[in-house]
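J.: Protein chains in written order, with our numbering: chain R, 1 to 410; chain X, 1001 to 1410.
Mind looking over this structure? Questions follow.
Number of protein chains: 2
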Amino acid sequence: MGDELLAGFTVDTNGAWMGRRAASLGLPVRARFVVGDSAPDIRGALARALEIADVVLVTGGLGPTGDDITREVVAEALGRPLRLDEELLDELRTRWATWRRTPLPAGNERMARVPEGALVLPNRVGTAPGLVLDVEGRIVVLLPGVPAEMRGLFDGGVEPLLRQRLGDRLLPLVHRVFHTTGIAESSLAERIDEGIPENLGPVSIAFLPRLTGVDVRLSARATPDDPRAARWLDRVEALVEPVLRPYRYLAESGDIVECIAEEMTSSGRTLAVAESCTGGLVARRITELAGSSEYFLGGVVTYADEAKRAHLEVSRDVLAGKGAVSEEVARAMAEGVARVFGAGAGLAVTGVAGPGGGSAEKPVGTVWYAVHLDGRTQARRSVFPGARRAVRERSAQAALALLYRMLRSG
Amino acid sequence: MGDELLAGFTVDTNGAWMGRRAASLGLPVRARFVVGDSAPDIRGALARALEIADVVLVTGGLGPTGDDITREVVAEALGRPLRLDEELLDELRTRWATWRRTPLPAGNERMARVPEGALVLPNRVGTAPGLVLDVEGRIVVLLPGVPAEMRGLFDGGVEPLLRQRLGDRLLPLVHRVFHTTGIAESSLAERIDEGIPENLGPVSIAFLPRLTGVDVRLSARATPDDPRAARWLDRVEALVEPVLRPYRYLAESGDIVECIAEEMTSSGRTLAVAESCTGGLVARRITELAGSSEYFLGGVVTYADEAKRAHLEVSRDVLAGKGAVSEEVARAMAEGVARVFGAGAGLAVTGVAGPGGGSAEKPVGTVWYAVHLDGRTQARRSVFPGARRAVRERSAQAALALLYRMLRSG
């Protein structure tokens, strides 16, 4: 609930968070409605949600200001008049005085008004409590919209309550996620479809494309002690794994830099990077992870040709003869940056990120990247689709993926 | 549309983006429905949306895989049979061949199927085109869920079309946004509240904090030719402007790099950057803007002390005596990088981004940044709150803001 969600000033992270938590609890989300601070729209969303779901989680609109009307509108729509809970009011006053050392503002007194028959969930992070209502066997929960408050109330109150009330009706979602890079969603889907039987039992497969690659997710819904789901997941995993293997990387965060960091650190290698069109993006991604100083010595962003020559010892002849976006320059940059930083490994990217700078021979999106490792250099060329940002992101990922493949195979 | 939105694997940033764009167009969003890849739920959401709105924007489910069913379900629900558009298919095949050098996969051929009477919006970033349908005077738009594709189609096709079709029914939100950096939201709000009368007419003020600063937004809803709103906005702007002035920068994109690019390019100066704790973030931000090669020569990421010495000519004595995070090292890095790149300006950042590496004297978040410009060097120290990512973002912004202030005052 909230105008700011519709107007886009706030991104609905609560929805995603509750979706994940509810799914792993075994209560998949059927739909999410986002409406503004308007009584008819709140009533409409509540009515529709009660038609299609057993549990309705409502967040937002429990605050102290005039546009916070969720508590009042829901109480009225469900025919549960609000009563002042004196004990709750005392508690709010005491806690406010402790935190802020001022009296509870009048606007916050409304937070002690409770719909008839509601269970009150104490809010340890903020002021407005959570409220749980039984509506003809279905459960309606009102929670504040501030993420930290919503999460605290969900963990401390809503989740235990749902487990207790719904018990054996819950079917948790068990899933396995495989990260891939370097293959298009449609090609991956085709190859997997080819090798897989029609009947996957309770297992479903989803493809989640990102700029940096495609995640493949297998999921099955089952009680935790049901061995059937795990057996089906094993069976499907065994079928898809050979297809995924050449493109797969194992990173809890989904970031291939995590795998690179592990390989580099465990083998005691060091890395330096040279970037042209990615302009610092590869270095930024590497250093985003804490601990990168263990293997990352540094990098050079050589935007100008002269800088490629001066800082990476790329020869003037190669630059002039082959052009800055060429296999030869990518190789020379990777070897040069490893040499000047005294690193065991060097990575380089040079390309045309656009929107300008393209030609018939080297259109926008043309990128050469190279990795120098243990005395060997490999270079690859790609033509990436998309705008400047997408080309840069895809180039950085392709270069990192090449480094990872060489680390693994070496 | 999409199971991954309900399950929370994807945060619905599209909803927020479209909400902002629609609001500024004069078409405030009434409600947002998120449903899974299920035909009855897609039909239900579409029917409800058509009941309450003049324009229905649908994103997601136009992709190549089996769970992408939005096109088919919407076409059927609206009684518009899908027809293969041969011309579109040819175009998709040609573009795919250019990008990937492989034939268009069978799954992608579905993207050339168009509901009867639909207008096709070409997708320049990806494959699936946008589709626009007239439904008894209301407009239904189908867009892919990949954010870059959705945004490209919205900008290039949907927005002009809505302007043309809805014209004088639009009541745009007229707003003026002031970007500030270097002052906290609460301090800014306090100072503005002090100097402003209770009655602002139709104007409302909002504070939008970001990691890189706080945007102050004045807004009023009015037709473009209504002089009343403009007069009120002028009046309020005149009151807040003096408070904002020291922290303000004028950039359409909200990115201070835009201002720096303008100053550098118009004055014919060149820039090089040296980064330690920001690890490439400053260079990435500078090169994110097309045309940066006009003034940006390059940069060095010197994570290791040895690299600071070798590549930036920072003396061993200064590094040993003062430590890598010190005023002296920041100054030496800024001057060194300008010298080795032969640039008129040098920018440097060195700090403790965390989570490790802090001490009592230099806690996590301690950052020294320096700018060398026209023979003068200025250095500043800040202790930034937040986790590693936040410290890095704030450090990059602070260094860029220092460069901008020096460019403006020089």
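Glycine is no exception: its CB is placed at the ideal position from the N, C-alpha and C atoms.
Could you say if the stretch 42 to 54 of chain R and the stretch 173 to 182 of chain R meet the contact criterion of at least three C-beta pairs nearer than 8 Å?
T.: The stretch 42 to 54 of chain R, when compared against the stretch 173 to 182 of chain R, does not touch it at the 8 Å Cβ threshold.
J.: Could you check what DSSP says for proline 1040 of chain X in three-state terms: helix, strand or coil?
T.: In the structure shown, proline 1040 of chain X sits in a helix (DSSP, three-state: H, G or I).
J.: Taking Cβ positions, are isoleucine 1256 of chain X and tyrosine 1249 of chain X nearer each other than 9 Å?
T.: Yes.
J.: How is valine 1318 of chain X classed by DSSP in three states: helix, strand or coil?
T.: Reduced to three states, the DSSP call for valine 1318 of chain X is helix.
J.: Output the distance between the C-alpha atoms of threonine 102 of chain R and arginine 95 of chain R, rounded to the nearest integer angstrom.
T.: Going from the Cα of threonine 102 of chain R to the Cα of arginine 95 of chain R covers about 10 Å.
J.: Name the one or two DSSP bridge partners that glutamine 378 of chain R has.
T.: Partner(s): R/Val371.
J.: Could you list which residues in chain R have their beta carbon closer than 7 Å to that of proline 1105 of chain X, in chain order?
T.: Result: Ser186, Ser187 and Glu190.
J.: Would you mind telling me which residues of chain R sit closer than 8 Å to glutamate 1004 of chain X, beta carbon to beta carbon, in chain order?
T.: Near glutamate 1004 of chain X (Cβ distances below 8 Å), the residues of chain R are Ala206 and Leu208.
J.: Could you give the C-beta distance for alanine 332 of chain R and leucine 312 of chain R, rounded to a whole number, given that I count them as a contact under 8 Å?
T.: Right, the Cβ-Cβ distance comes to about 7 Å (below 8 Å), so this counts as a contact.
J.: Count the CB pairs spanning the stretch 7 to 25 of chain R and the stretch 1007 to 1016 of chain X that are closer than 8 Å, and state whether there are at least three.
T.: Yes, the stretch 7 to 25 of chain R touches the stretch 1007 to 1016 of chain X.
J.: Using the beta-carbon count (16 or more within 10 Å), is glutamine 164 of chain R buried or exposed?
T.: With fewer than 16 Cβ atoms within 10 Å of its Cβ, glutamine 164 of chain R is classed as exposed.
J.: Exposed or buried, what is glycine 1201 of chain X when buried is set at 16 or more other beta-carbons lying within 10 Å of its beta-carbon?
T.: It counts as exposed.
J.: What are the boundary residues of the beta strand (DSSP E) that leucine 1173 of chain X is part of?
T.: Note, leucine 1173 of chain X: beta strand (DSSP E), 1173 to 1180.
J.: Any contact between the stretch 63 to 74 of chain R and the stretch 133 to 142 of chain R? By contact I mean 3 or more CB pairs, one from each, below 8 Å.
T.: Yes: at least three Cβ pairs fall under 8 Å.
J.: With contact counted as at least three CB pairs below 8 Å, one residue from each stretch, are the stretch 289 to 303 of chain R and the stretch 231 to 240 of chain R in contact?
T.: As far as the Cβ criterion goes, the stretch 289 to 303 of chain R does not touch the stretch 231 to 240 of chain R, which means the pair count is below three.
J.: Residues in its own chain within less than 7 Å of threonine 212 of chain R by CB, not counting five upstream and five downstream?
T.: Answer for threonine 212 of chain R: Thr181, Glu393 and Gln397, listed in chain order.
J.: Could you compute how far the alpha carbon of isoleucine 1192 of chain X sits from the alpha carbon of leucine 171 of chain R?
T.: Roughly 53 Å separates the two Cα atoms.
J.: How many whole angstroms separate the CB atoms of valine 1158 of chain X and valine 1141 of chain X, which I take to be in contact at a CB cut-off of 8 Å?
T.: Sure, about 6 Å apart at Cβ, within 8 Å.
J.: Among X/Glu1149, X/Val1352, X/Leu1166 and X/Pro1122, whose alpha-carbon lies nearest the alpha-carbon of arginine 1138 of chain X?
T.: The residue with the shortest Cα to Cα distance from arginine 1138 of chain X is X/Leu1166.
J.: Quick one: Cα of arginine 1048 of chain X to Cα of glutamate 258 of chain R, how far?
T.: Answer to the nearest angstrom: the Cα atoms are 44 Å apart.
J.: Give a yes or no on whether the minimum CB-CB distance between glycine 351 of chain R and chain X is below 9 Å.
T.: Glycine 351 of chain R does not count as touching chain X.
J.: Mind reading off the beta-carbon distance from alanine 1353 of chain X to arginine 1408 of chain X? Whole number of angstroms is fine, and I expect it under 8 Å.
T.: About 28 Å separates the two Cβ atoms, so there is no contact after all.
J.: Identify each residue in the stretch 281 to 305 of chain R for which the Cβ-Cβ distance to at least one residue of chain X is less than 9 Å, and report them in chain order.
T.: Cβ contacts with chain X: Leu281, Val282, Ala283, Arg284, Arg285, Ile286, Thr287, Glu288, Leu289, Ala290, Gly291, Ser292, Ser293, Phe296, Leu297, Gly298, Gly299, Val300, Val301, Thr302, Tyr303 and Ala304.
J.: For alanine 345 of chain R and chain X, any beta-carbon pair shorter than 9 Å?
T.: No - not a single Cβ of chain X is within 9 Å of the one on alanine 345 of chain R.
J.: Whether or not the stretch 29 to 39 of chain R and the stretch 1029 to 1036 of chain X are in contact is what I'm after, with contact meaning three or more pairs of Cβ atoms, one per stretch, closer than 8 Å; do they touch?
T.: Short answer: they touch.
J.: Quick one: which chain X residues come within Cβ less than 9 Å of alanine 31 of chain R?
T.: Within chain X, the residues near alanine 31 of chain R are Leu1006, Phe1033, Val1034, Val1035, Gly1036, Asp1041, Gly1044 and Ala1045.
J.: Strictly below 7 Å CB to CB, what residues from chain X border valine 383 of chain R?
T.: Chain X residues near valine 383 of chain R: Trp1099.
J.: By a C-beta neighbour count over all protein chains shown, 10 Å radius and 16 as the cutoff for buried, is valine 1203 of chain X buried or exposed?
T.: Counting Cβ neighbours within 10 Å, valine 1203 of chain X comes out buried, since at least 16 surround it.
J.: Measure the beta-carbon distance from proline 144 of chain R to alanine 128 of chain R and round it to whole angstroms, keeping in mind my assumption that it falls under 8 Å.
T.: The pair is a contact, with the Cβ atoms about 5 Å apart (cut-off 8 Å).
J.: Per DSSP, what kind of secondary structure is proline 1160 of chain X in: helix, strand or coil?
T.: It is helical.
J.: Who does tyrosine 1249 of chain X pair with in a DSSP beta bridge?
T.: Looking at the DSSP assignment, tyrosine 1249 of chain X forms a beta bridge with X/His1179.
J.: Counting only runs that start and end within the stretch 247 to 321 of chain R, where is the alpha helix (DSSP H) found for 4 or more residues in a row?
T.: Fully enclosed alpha helix (DSSP H) runs of 4 or longer: 256 to 267, 281 to 288 and 305 to 312.
J.: Determine the direct distance from the alpha carbon of glutamate 149 of chain R to that of threonine 265 of chain R, and round the result to whole angstroms.
T.: If you take the alpha carbons of threonine 265 of chain R and glutamate 149 of chain R, they lie about 39 Å apart.
J.: Go ahead and pull the three-state DSSP assignment for arginine 1101 of chain X.
T.: Coil.
J.: Quick one: measure Cβ to Cβ for leucine 297 of chain R and leucine 271 of chain R, integer angstroms, because I've assumed they're closer than 8 Å.
T.: Going by Cβ atoms, the distance from leucine 297 of chain R to leucine 271 of chain R rounds to 7 Å, so yes, they are a contact pair.
J.: For chain X, check one thing: does any of its Cβ atoms lie closer than 9 Å to the Cβ of threonine 265 of chain R?
T.: By this cut-off, threonine 265 of chain R is not an interface position.
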